[in-house]
Amino acid sequence: MVKFRSFLVFGPNGIGKGTNAKAAGTLPGYVHFSTGDMFRALLARVNEGRASELELRIDKTMKGGGLVDDKTTVELAKENLEGWVRDNCFDPEKDCLLLDGLPRNRHQAEMISAFIDVVGVLHVTASRQVAVERITGRAMLEGRKDDQDAEAVGKRLDIFFENAADILSCYDPQFDGRMDYDSKIIHYINADQQPVEVLRDFLQYLV
Numbered sequence: 009m010v011k012f013r014s015f016l017v018f019g020p021n022g023i024g025k026g027t028n029a030k031a032a033g034t035l036p037g038y039v040h041f042s043t044g045d046m047f048r049a050l051l052a053r054v055n056e057g058r059a060s061e062l063e064l065r066i067d068k069t070m071k072g073g074g075l076v077d078d079k080t081t082v083e084l085a086k087e088n089l090e091g092w093v094r095d096n097c098f099d100p101e102k103d104c105l106l107l108d109g110l111p112r113n114r115h116q117a118e119m120i121s122a123f124i125d126v127v128g129v130l131h132v133t134a135s136r137q138v139a140v141e142r143i144t145g146r147a148m149l150e151g152r153k154d155d156q157d158a159e160a161v162g163k164r165l166d167i168f169f170e171n172a173a174d175i176l177s178c179y180d181p182q183f184d185g186r187m188d189y190d191s192k193i194i195h196y197i198n199a200d201q202q203p204v205e206v207l208r209d210f211l212q213y214l215v
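Here the sequence shown is numbered in this note's numbering, starting from 9 and rising by one per residue.
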């Protein structure tokens, strides 16, 4: 099968990663694919009675309080992308994906290699302090209680950064573990900057 050319949009949630990826996805030749949007669309299709067999299984797992495993998450992403191709939302011969939210660990990185051709990694990151401030600030605006606890957010960030090195080394074996590492395939974007500067740095690798 044809592999889907993709830039991985990589970084912790809440620091502008998805916002910039969505903006870049409006450029000709680029399509933004978010796993967050994928799961929200799944719930909508279940409610409308249009869900696939795989989506119904996932919905049952989530409603039962279970976690969706790596294999199922990757299967769902593949199913969605193939649907986008059928619906002419994405042309793998011409378009490049901005893959946002996948992979979340090395296991997923290995599995998506069967249908994803990673041409670059846009590594959006910020200092721990700035990341915590932005995530908790956004949570207060959106009324999300789970992200208003700075200590809990900090612990989740620590877990993300621990996994990040393992994932990034899949794409550059020379990766040295520094979050500001930059190479021919991993492009570091400093999210401590003002939003317009972050978007500028994001787009320089695409246009």
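Cβ atoms here follow ideal geometry from the backbone N, Cα and C, with glycine treated the same way.
On a predicted model such as this, the values are computed, not experimentally measured, just so you know.
- For residue 105, the pairing in a beta bridge is given by DSSP as 14, 39.
- Per the C-alpha coordinates, the member of 194, 161, 165 positioned closest to residue 176 is 194.
- In the displayed model, residue 133 falls within a strand according to three-state DSSP.
- Between residue 20 and residue 134, the C-beta gap is smaller than 9 Å, which places the two residues in contact.
- For the pair residue 143 and residue 161, the CB atoms are nearer than the 9 Å cut-off.
- For residue 175, the enclosing alpha helix (DSSP H) stretches over residues 158-176.
- Here residue 146 is actually not in contact with residue 26; their C-beta atoms are around 11 Å apart, not less than 8 Å.
- Counted as a single uninterrupted DSSP element, the stretch harbouring residue 28 is not any beta strand (DSSP E) but the alpha helix (DSSP H) occupying residues 25-32.
- Closest in C-alpha terms to residue 88, from the list 191, 63, 167, 203, comes 63.
- If you look at residue 120, you'll find it in the alpha helix (DSSP H) that goes 114-120.
- For residue 197, the uninterrupted beta strand (DSSP E) run begins and ends at 194-198, by DSSP.
- For residue 67, the three-state secondary structure derived from DSSP is helix.
- Counting the other Cβ atoms within 10 Å of the Cβ of residue 212 gives fewer than 16, which makes it exposed.
- When the five nearest sequence neighbours on each side are left out, the beta carbons in the same chain lying within less than 8 Å of the beta carbon of residue 24 are those of 132, 142, 199, 203, 206, in order along the chain.
- Per DSSP, reduced to three states, the secondary structure at residue 140 is helical.
- For residue 128, the secondary structure class from DSSP, reduced to helix, strand or coil, is strand.
- Rounded to the nearest whole angstrom, the C-alpha separation of residue 41 and residue 139 is 23 Å.
- For the set 186, 106, 136, 77, the Cα lying nearest the Cα of residue 165 is the one of 136.
- The way I'd put it, the region 38-52 does touch the region 82-96; three or more beta-carbon pairs between them come closer than 8 Å.
- Taking the C-beta atoms as reference points, residue 34 is found no nearer than 9 Å to residue 109.
- Following the DSSP letters along the chain, one finds residue 88 inside the alpha helix (DSSP H) bounded by residues 78-94.
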